[in-house]
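**Q** Protein chains in written order, with full-length UniProt numbering: chain A, 1 to 217; chain B, 1 to 217.
Ideal placement from N, C-alpha and C gives every residue a C-beta, glycine not left out.
Note that this is a predicted model, so its numbers are computed, not measured.
This is the structure I want to talk about, given as structure tokens.
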DNA sequence: ATTTATTTTTAGACAAAACTAAAAATAAAA
DNA sequence: TTTTATTTTTAGTTTTGTCTAAAAATAAAT
Ligand SMILES: [Mn+2]
Ligand SMILES: [Mn+2]
Ligand SMILES: [Mn+2]
Ligand SMILES: [Mn+2]
């Protein structure tokens, strides 16, 4: 259907449009895809030809309905494979992304239907992100950043914003994990750092950490 | 490491060199890969540059040690994925090939190690073909074609030579399956057709069938 | 409202992997 | 052993996706 490259562009645009009211800029896509702006312009023209995006010169790019649907199916595959790797093949959550980046491009409807069934229809991936269903629908959790909590408040860790290996390994090292309760024992006004309690331990974390953890209260 | 195309060429050459004492010809590769001879020459030069094959103009091509090793790892991945699809995702043996052709190119050592473990180190794929281990070693079964059996002889079906969907579906339809016992009730001299008994049924099969079934006596 | 800076697009080039058409080498036939 | 047929290689294109460098458009600053 679509090339590996086209699929990656669609996914990148889907990701970027969540954090911008207007169209997604050429430079933003280039940054996200680790490529050059001129390459982005070329590809965006091609996607526009195929009616996967709406594009007017210098005006940024928007996903069309089919473009959005296609992108959501790639995301679905990516996240289902991540669940597979963690639940069945004992990967840790910081090891799955690279492999899922490859697996998400395998073309087979039956494969993904059966994988979903085999995994017992998971609703979230190992990082807490929702898994779209076959029609592209998914449940958006009402979550907030840990940085928004005040002293004395508590909640459950339901997701991470930064999914880099470095960050995830840092969390592992400090016993901070998905599903665990976090309580804000203290919040330093000066640097916005927090003293938290989780997994039976008390530790101080910097704002770089608190703005990358999603909490459900 | 190697491109998808390079990997497919190596696999094709590995496959072809089993049935030819001398070097594998350009035309044979072209036929196997559904491409043109000129394309093969180009790629063979490239593989030769990378020391994956030994190639002298007009003399055919041979796999080098690293070429053979690489090809065997692709075969290993292909067959492990086929086992996964049949054993875990309820694919039938005639549906797996196309998907395995894609999955065999996923690059991750951990993935294949863990998959092997998850499947409990299978020795053969759903078509009875041996699965090379991480070092490229595999067990060659002493099997013979059903067509070589005489009236009265029997054996177990341990493999198929033709793995096309059409052939496999024909076998399914007639209750002929891997692991089942087959007894030759009669052999017609004139057209080499056979009357066989398997799965509690008696049926007559043509030589097109008998030369594509491997038996262990 | 100009000037300056930034972003985006165009123009031209390149590498990978395929193709067609023609030339060269090898194999088969006369 | 010539002649003919087949196989293989070369030469020149094409497509996809990328790049650099330069031009054009938009945004920011004076
Ligand atoms: Mn991921
Ligand atoms: Mn994820
Ligand atoms: Mn196969
Ligand atoms: Mn097989």
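With hydrogens ignored, establish whether the beta-carbon of residue 100 (chain B) is closer than 7 Å to any heavy atom of ligand 3.
**A** Here the question's residue 100 (chain B) lines up with position 100 in the second chain. Yes, the Cβ of residue 100 (chain B) comes within 7 Å of a heavy atom of ligand 3.
**Q** Under 8 Å between beta-carbons, which chain B residues line up against residue 223 (chain A)? List them in chain order, please.
**A** With chain A covering 1 to 217 only, the question about residue 223 (chain A) has no answer from this structure.
**Q** What is the DSSP secondary structure of residue 183 (chain B), reduced to helix, strand or coil?
**A** Indexing the second chain from 1 puts residue 183 (chain B) at position 183. Correct three-state label for residue 183 (chain B): strand.
**Q** Note down, in chain order, all residues in the region 89-111 of chain B with a beta-carbon under 9 Å from any beta-carbon belonging to chain A.
**A** Going along the region 89-111 of chain B in chain order, one finds 89, 90, 91, 95, 98, 99, 102, 103, 105, 106, 107, 108, 110, 111 with a Cβ nearer than 9 Å to chain A.
**Q** Counting only beta-carbon separations shorter than 8 Å, does residue 118 (chain A) have a partner in chain B?
**A** Residue mapping note: residue 118 (chain A) aligns to position 118 of the first chain, counting from 1. It does; some Cβ of chain B falls within 8 Å.
**Q** Any chance the CB of residue 127 (chain A) is under 7 Å from a heavy atom of ligand 2?
**A** Translated into the one-based positions of the first chain, residue 127 (chain A) becomes position 127. Yes, ligand 2 has a heavy atom inside 7 Å of this Cβ.
**Q** Are residue 100 (chain B) and residue 85 (chain B) touching if we call contact CB-CB under 8 Å?
**A** Position 100 of the second chain, counted from the start, is the residue given in the question as residue 100 (chain B). Position 85 of the second chain, counted from the start, is the residue given in the question as residue 85 (chain B). Yes.
**Q** Just to confirm the assignment: which complete beta strand (DSSP E) runs, minimum length 3, are found wholly within the UniProt domain "HTH dtxR-type" (1-64) of chain B?
**A** Runs found: 53-55, 61-63.
**Q** So residue 114 (chain B) contacts chain A; which residues on that side make the cut at Cβ distance below 9 Å?
**A** Within the second chain, residue 114 (chain B) is the residue found at index 114, counting from 1. Within 9 Å Cβ-Cβ: 85, 88, 89, 90, 91.
**Q** So is the beta-carbon of residue 165 (chain B) under 7 Å away from any non-hydrogen atom of ligand 3?
**A** One-based indexing of the second chain puts residue 165 (chain B) at position 165. Checking the Cβ of residue 165 (chain B) against ligand 3 gives no.
**Q** For residue 216 (chain A), which residues does DSSP report across the bridge?
**A** Within the first chain, the letter at position 216 stands for residue 216 (chain A). DSSP lists A:156 as partners of residue 216 (chain A).
**Q** Which residue wins for smallest C-alpha separation from residue 219 (chain A), given the options A:49, A:103, A:187?
**A** Because chain A here runs from 1 to 217, residue 219 (chain A) falls outside it and cannot be looked at.
**Q** For the alpha helix (DSSP H) holding residue 103 (chain B), just list the boundary residues, first then last.
**A** Mapped onto the second chain, residue 103 (chain B) falls at position 103. Taken as a continuous stretch (DSSP letters only), the alpha helix (DSSP H) holding residue 103 (chain B) covers 96-103.
**Q** Express the C-alpha separation of residue 97 (chain A) and residue 141 (chain A) in angstroms, rounding to a whole number.
**A** If you number the first chain from 1, residue 141 (chain A) lands on position 141. If you number the first chain from 1, residue 97 (chain A) lands on position 97. Going from the Cα of residue 141 (chain A) to the Cα of residue 97 (chain A) covers about 22 Å.
**Q** May I have the straight-line CA-CA distance separating residue 194 (chain A) from residue 40 (chain A), to the nearest angstrom?
**A** To locate residue 194 (chain A), count along the first chain from 1; it is residue 194. To locate residue 40 (chain A), count along the first chain from 1; it is residue 40. Rounded to the nearest angstrom, the two C-alpha atoms are 40 Å apart.
**Q** Verify the contact flag: residue 49 (chain B), CB atom, against every heavy atom of ligand 3, threshold strictly below 7 Å.
**A** In the second chain, counting from the first residue as 1, residue 49 (chain B) sits at position 49. No, Cβ of residue 49 (chain B) sits at least 7 Å from all heavy atoms of ligand 3.
**Q** Should the region 119-131 of chain B be regarded as contacting the region 73-84 of chain B, the criterion being three or more beta carbon pairs within less than 8 Å?
**A** Flag = yes, the region 119-131 of chain B and the region 73-84 of chain B touch.
**Q** Quick one: is the Cβ of residue 79 (chain A) within less than 7 Å of any heavy atom of ligand 2?
**A** For the purposes of this step, residue 79 (chain A) is taken as the residue at position 79 of the first chain. Checking the Cβ of residue 79 (chain A) against ligand 2 gives yes.
**Q** Which class does residue 149 (chain B) belong to by DSSP, given the choice of helix, strand or coil?
**A** Translated into the one-based positions of the second chain, residue 149 (chain B) becomes position 149. Three-state DSSP puts residue 149 (chain B) in coil, outside helix and strand.
**Q** Got a sec, what are the start and stop residues for the alpha helix (DSSP H) residue 165 (chain B) sits in?
**A** Taking the first residue of the second chain as position 1, residue 165 (chain B) is located at position 165. Per DSSP, residue 165 (chain B) belongs to the alpha helix (DSSP H) from 165-173.
**Q** Of all the options A:123, A:159, A:144, which has the alpha carbon lying nearest to the alpha carbon of residue 153 (chain A)?
**A** The sequence position of residue 153 (chain A) within the first chain is 153, counting from 1. For the residues A:123, A:159, A:144, the minimum Cα distance to residue 153 (chain A) belongs to A:144.
**Q** Measure the CB-CB distance between residue 217 (chain B) and residue 155 (chain B) and report whether it falls below 8 Å.
**A** As a first step, residue 217 (chain B) must be located in the second chain, where it is residue number 217. As a first step, residue 155 (chain B) must be located in the second chain, where it is residue number 155. Their beta carbons are under 8 Å apart, which means residue 217 (chain B) touches residue 155 (chain B) by this criterion.
**Q** Do residue 212 (chain A) and residue 158 (chain A) count as a contact pair if the criterion is CB distance below 8 Å?
**A** Locating residue 158 (chain A) in the first chain gives position 158, counting from the first residue. Locating residue 212 (chain A) in the first chain gives position 212, counting from the first residue. It is not a contact, given that the beta carbons lie outside the stated cut-off.
**Q** Could you say which of B:175, B:74, B:91, B:117 lies nearest to residue 117 (chain A) if we only look at CA atoms?
**A** Counted from its first residue, the first chain places residue 117 (chain A) at position 117. Minimum Cα distance to residue 117 (chain A) is reached at B:91.
**Q** Evaluate residue 11 (chain A) with the Cβ neighbour count: other Cβ atoms within 10 Å of its Cβ, from every protein chain shown; 16 or more gives buried, anything less gives exposed.
**A** Counting from 1 along the first chain, the entry for residue 11 (chain A) is found at position 11. Residue 11 (chain A) comes out buried.
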